[in-house]
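Beneath this line is the structure, given in structure tokens, with notes to follow.
Number of protein chains: 2
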Amino acid sequence: MRDGAQAEGISFTVTDKLKITKRLDDFGIDYIEAGNPGSNIKDMEFFQCVKKLDLKHAKLVAFGSTRKADIKVSEDNNVLSLLSAETGAVAIFGKSSLLHVTDVLRTSPEENINMIFDTIHFFKENGKEVIFDAEHFFDGYKLDADYAMKTLQSAVKAGVDCIALCDTNGGSLPYEIEDIVKAVIQNIHVQIGIHCHNDAGMAAANSIIAVQNGVSHIQGTINGYGERCGNANLCTIIPSIELKLNIKCIADKKIQDITNVSRYVSEIANLAHNEREPYVGNSAFAHKGGMHIDAVQKNSKTFEHISPETVGNSRRILMSEVSGRSTIINRVQEVAPWITRESPETQQIIDKLKELEYLGYQFEGAESSFKLMVIRELGKDRTFFNVKDFRVLCENPWNRENSAFAIIKVEVDGEEEVTAAEGDGPINALDKALRKALEIFYPELSKIRLTDYKVRVLESGNATASRVRVHIESTDGDNVWGTVGVSTNIVEASWEALVDSIEYFLYENGQWIINN
Amino acid sequence: MRDGAQAEGISFTVTDKLKITKRLDDFGIDYIEAGNPGSNIKDMEFFQCVKKLDLKHAKLVAFGSTRKADIKVSEDNNVLSLLSAETGAVAIFGKSSLLHVTDVLRTSPEENINMIFDTIHFFKENGKEVIFDAEHFFDGYKLDADYAMKTLQSAVKAGVDCIALCDTNGGSLPYEIEDIVKAVIQNIHVQIGIHCHNDAGMAAANSIIAVQNGVSHIQGTINGYGERCGNANLCTIIPSIELKLNIKCIADKKIQDITNVSRYVSEIANLAHNEREPYVGNSAFAHKGGMHIDAVQKNSKTFEHISPETVGNSRRILMSEVSGRSTIINRVQEVAPWITRESPETQQIIDKLKELEYLGYQFEGAESSFKLMVIRELGKDRTFFNVKDFRVLCENPWNRENSAFAIIKVEVDGEEEVTAAEGDGPINALDKALRKALEIFYPELSKIRLTDYKVRVLESGNATASRVRVHIESTDGDNVWGTVGVSTNIVEASWEALVDSIEYFLYENGQWIINN
Chain D
110 MRDGAQAEGI SFTVTDKLKI TKRLDDFGID YIEAGNPGSN IKDMEFFQCV
160 KKLDLKHAKL VAFGSTRKAD IKVSEDNNVL SLLSAETGAV AIFGKSSLLH
210 VTDVLRTSPE ENINMIFDTI HFFKENGKEV IFDAEHFFDG YKLDADYAMK
260 TLQSAVKAGV DCIALCDTNG GSLPYEIEDI VKAVIQNIHV QIGIHCHNDA
310 GMAAANSIIA VQNGVSHIQG TINGYGERCG NANLCTIIPS IELKLNIKCI
360 ADKKIQDITN VSRYVSEIAN LAHNEREPYV GNSAFAHKGG MHIDAVQKNS
410 KTFEHISPET VGNSRRILMS EVSGRSTIIN RVQEVAPWIT RESPETQQII
460 DKLKELEYLG YQFEGAESSF KLMVIRELGK DRTFFNVKDF RVLCENPWNR
510 ENSAFAIIKV EVDGEEEVTA AEGDGPINAL DKALRKALEI FYPELSKIRL
560 TDYKVRVLES GNATASRVRV HIESTDGDNV WGTVGVSTNI VEASWEALVD
610 SIEYFLYENG QWIINN
Chain L
110 MRDGAQAEGI SFTVTDKLKI TKRLDDFGID YIEAGNPGSN IKDMEFFQCV
160 KKLDLKHAKL VAFGSTRKAD IKVSEDNNVL SLLSAETGAV AIFGKSSLLH
210 VTDVLRTSPE ENINMIFDTI HFFKENGKEV IFDAEHFFDG YKLDADYAMK
260 TLQSAVKAGV DCIALCDTNG GSLPYEIEDI VKAVIQNIHV QIGIHCHNDA
310 GMAAANSIIA VQNGVSHIQG TINGYGERCG NANLCTIIPS IELKLNIKCI
360 ADKKIQDITN VSRYVSEIAN LAHNEREPYV GNSAFAHKGG MHIDAVQKNS
410 KTFEHISPET VGNSRRILMS EVSGRSTIIN RVQEVAPWIT RESPETQQII
460 DKLKELEYLG YQFEGAESSF KLMVIRELGK DRTFFNVKDF RVLCENPWNR
510 ENSAFAIIKV EVDGEEEVTA AEGDGPINAL DKALRKALEI FYPELSKIRL
560 TDYKVRVLES GNATASRVRV HIESTDGDNV WGTVGVSTNI VEASWEALVD
610 SIEYFLYENG QWIINN
């Protein structure tokens, strides 16, 4: 998580990191490297908050460097800040390449060896599990193998638990990794790990090759996020290890959760999910060529290296309405149990879904909007309320806390109500006004609280007139539901998701499953 | 080019393919597999038009399958259509896996061997250079090595020039590729090639490993475009082979053109260029972490596996709280050259940067807002205009294309101007009104166009009252600049980024560097 946050365009809040931690723990990741408390105040805040999470499996790791040159380890503030993170494990990075000792640290080769020893020894004396990240190990080995090995020996002498060999610049090719890992495994007798970067496009392959040569600790990031071209992608490596090398590396039966984990983290990072990402991408099992579609329908093994369900992904047949029909039917039946694959309404709903997806709607995480769409398509929707009109007025926001006013007119069972509210921006004002007007008729709405609000700009090339997708999440204290809206006007997109959220709640509180 | 066009979201016109062909020829690619004339009318049109291009180096290849079962090769229409493409070379794909012979072709193992022989023999008699694409070779070899080898022997007997071993489903791991390539090279004595897919994220690594085991013909696509997770990415493989294995594979001195080729093809494909793509991505040499930036400025080799200029890419130093003091100083000096690390203003600017980042600002990609912040902190800012007031009115958007109106009052040098504009949503209306009012005083503003608009909800748990960060990108046709705004009110955040964009442009057009 720490190294992933180094990616261009990623800036996690403390809350983001807490959410990711919880999700990775549930997925069965063993170690979560969560931050560098010495270099970043936000990270220290995270380590305070994370104590309240009840992690089931994962160990938290605080990350920092060896002590500075020519000072005592117990007087190095960065080192001390790692202790105050109060994690069970620490990852300490130190230089394994002479180039970095002379050109970056600008200290002597011997002092660097001492820095590694002192720092690891200090944390072992303080009862920590210690991982040594041998930074630039592969480049360092190519430059001066003898010195690179000495840095590892110093870590072993200090009592290190695990040494991760780092291809920090990401430029090594597979056979280089193989040769050097073999040499290390023969000579260094603690657990060995691997940490690859993707600058030559080899990070996942290099990690797999390291495992096949005896490495048992792998560092990487979800979706391969990381500085420059990114880190080794765990969403590629984990399925390759579990399904192809048949080695367990995450919690039992959790491999089918990996597509979901991958998309969850990309949502939090607010980065578009990579459609072509191996195993978990939206196109990973999408078939387009006619011959391929034909063959895959005869026998799916003909053009799929694994079955998509294994990793929680699904097959998509492009330019053809048969995509995921059974998934859609299952969802439809939650609302209208009499609908079958052969019902005439099925095609109508699939066509509507395709049309909406083309416009930019996405119903993953917005299943409530999908259910409402179904009920409307079937002509079985109820009218809980009509919005007759609204206006929003935004004023120059400086000097005012509430700079927007919304006026709204609703009608319920022939009775009209006009009200207004002020808020922080147009959408907040509109949200407040709508609920204020409706609570007169439906007092139970006072339980609803919006818990999440996300905006994604689609086709951003049209600038402020771009199409946006708004996704909101609501709760009544017991349940959580998500809804979606799309428009070139952010007020309209938000409005659509707000109205869906309230309607969904009213259905849930009344009669939801409909009859033919 | 043919296999790349199988990617989801790609649909090339004949003109697109002609442009790409010309660019790849200039780049020094040896063979361009340009289309399947038997399955696609557009491809036949391409082969007619391409004759008018004066290719300097590349050979064009028409692609098609072996003859159908139980008919004469000279009576197979697909086979004949390949001849009428009139290319010097043809690529013939045939089945090397028994599973495909029985389950897809539904013919006998012997007949499949004859189909391979007859088709290749036919094209050799017609004077063509013939490449045999041994489809599903690796999966076929794992299933029945003996049969898979027989398909290759049949091709050799028919006089084939080159055999490309295909990992069609993309699920093979590097050591499987190594073992099987070795076995082929020992037993089959014609030129051997490799064709990988990326379903396990190994396509580039597998291609490199094949080369290191004696393969000398590599099939792949620009940017790895292709069905599902894509084909082997030539923009990763070519630099790895040229710069790391020191084997020539494209025209002399053309390697520095590869970033340009990669971006050119993504433009034609109308797909966003992958920022994290090895070697050629916009982030491939972007440094964010403070320690990394510090080191790379001491010696670029410390955090770059190759020098970015080698592949026509460039280094980028990103602004962020984790980037060190020296990066910040460099940026400050672009505006105020007299500022040094020791100047009292330096700490003030760093404190301000930290405060803004804590509030959610992010200056990566918004360096213009950073420069404006510096100039304001130093008290050296000019007042180009004052916004005296604004109002935005949003109406119920249905039935209207423009559902928002903005009224604005600005003052420039004592002169006031009130104007209004309508737009698609409040921000679009405000953007139009502001520029309309200011163009009266600064006509050069008419050149500005917004090219990108992004919204990121920070701490989204506060729902519609959440803090949002807006990032916009503007251009005057020559330059591109990015600005940022943060607020709980999306109108205010957008407003801030808009005002920065205009102010930055006015500084750039006037006096920008300031004196003490």
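Sequences listed follow chains D and L, in order.
Going by my numbering, the first sequence opens with residue 110, and the numbers climb by one from there.
Going by my numbering, the second sequence opens with residue 110, and the numbers climb by one from there.
Cβ atoms here follow ideal geometry from the backbone N, Cα and C, with glycine treated the same way.
Look at residue 283 of chain L: its C-beta is under 8 Å from a C-beta on chain D. The residue among L:490, L:366 and L:525 with its C-alpha nearest the C-alpha of residue 135 of chain L is L:366. Under the Cβ distance rule, residue 562 of chain D counts among the residues neighbouring chain L, one pair being separated by less than 8 Å. Bridge pairing for residue 425 of chain L: L:395 [DSSP]. Of all residues in the stretch 343-368 of chain L, the ones placed with a Cβ closer than 7 Å to any Cβ belonging to chain D are 345, 349 and 353, in chain order.
Residue 527 of chain D sits away from residue 494 of chain D, with the two beta carbons spaced by 8 Å or more.
Residue nearest to residue 361 of chain D within the set D:513, D:351 and D:369 is D:351 (criterion: CA-CA distance).
Assignment of residue 323 of chain D by DSSP, reduced to helix, strand and coil, places it in the coil class. The beta carbons of residue 519 of chain L and residue 475 of chain L sit no closer together than 8 Å. In this structure, residue 273 of chain D sits away from residue 225 of chain D, with a CB-CB distance that is not shorter than 8 Å. Annotated three-state conformation of residue 576 of chain L is strand, per DSSP. Within the stretch 190-221 of chain D, contact with chain L at the beta-carbon level (separation under 7 Å) is assigned to 208, 209, 212 and 213.
Classified as buried, residue 616 of chain L has 16 or more neighbouring CB atoms from the shown chains inside 10 Å of its CB. Taking 8 Å as the upper bound for CB-CB distance, residue 173 of chain L and residue 205 of chain L are not in contact here, some 17 Å apart.
Counting other Cβ atoms within 10 Å of its Cβ, residue 535 of chain D reaches 16 or more and is therefore classed as buried.
Taking C-beta atoms as the reference points, residue 313 of chain L and residue 346 of chain L count as a pair closer than 8 Å. Residue range 283-296 is occupied by the alpha helix (DSSP H) that includes residue 284 of chain L. Between residue 329 of chain L and residue 116 of chain L, the C-beta spacing is not below 8 Å. Around the beta-carbon of residue 539 of chain D, 16 or more other beta-carbon atoms lie within 10 Å, marking it buried. Per DSSP, the beta bridge partners of residue 274 of chain L are L:243 and L:303.
Contact of residue 321 of chain L with chain D by beta-carbon distance below 7 Å involves 284. Membership of residue 155 of chain D in the alpha helix (DSSP H) is indicated by the continuous run 150-158. At a beta-carbon threshold of 9 Å, the residues of chain L lying near residue 502 of chain D are 500, 501, 502 and 503, ordered along the chain. For residue 228 of chain D, the three-state secondary structure derived from DSSP is helix. When 8 Å is used as the limit between beta carbons, residue 394 of chain L is near these residues of chain D: 337, in chain order. Put simply, the stretch 134-148 of chain D touches the stretch 159-171 of chain D. At least three CB pairs are less than 8 Å apart. Not one beta carbon of chain L lies nearer than 8 Å to the beta carbon of residue 530 of chain D. For the stretch 412-426 of chain D, the set of positions with a beta-carbon nearer than 8 Å to some beta-carbon of chain L reads 412, 413, 414 and 415 in chain order. Around the beta-carbon of residue 150 of chain L, fewer than 16 other beta-carbon atoms lie within 10 Å, marking it exposed. In this structure residue 280 of chain L is not in contact with residue 304 of chain D, their Cβ atoms being roughly 25 Å apart against a cut-off of 8 Å. Using a CB distance cut-off of 8 Å, residue 311 of chain L counts as an interface residue toward chain D.
Using a Cβ-Cβ cut-off of 8 Å, residue 401 of chain L counts as an interface residue toward chain D, since at least one Cβ of chain D sits closer than that to its own. Around residue 558 of chain L, the same chain offers 584 as residues with beta carbons nearer than 6 Å, after the five sequence neighbours per side are excluded. By the beta-carbon neighbour count (other beta carbons within 10 angstroms, threshold 16), residue 492 of chain D is exposed. By alpha-carbon distance to residue 180 of chain L, the top candidate from L:530, L:227, L:514 and L:200 is L:227. As a beta-bridge residue in DSSP terms, residue 238 of chain L pairs with L:198.
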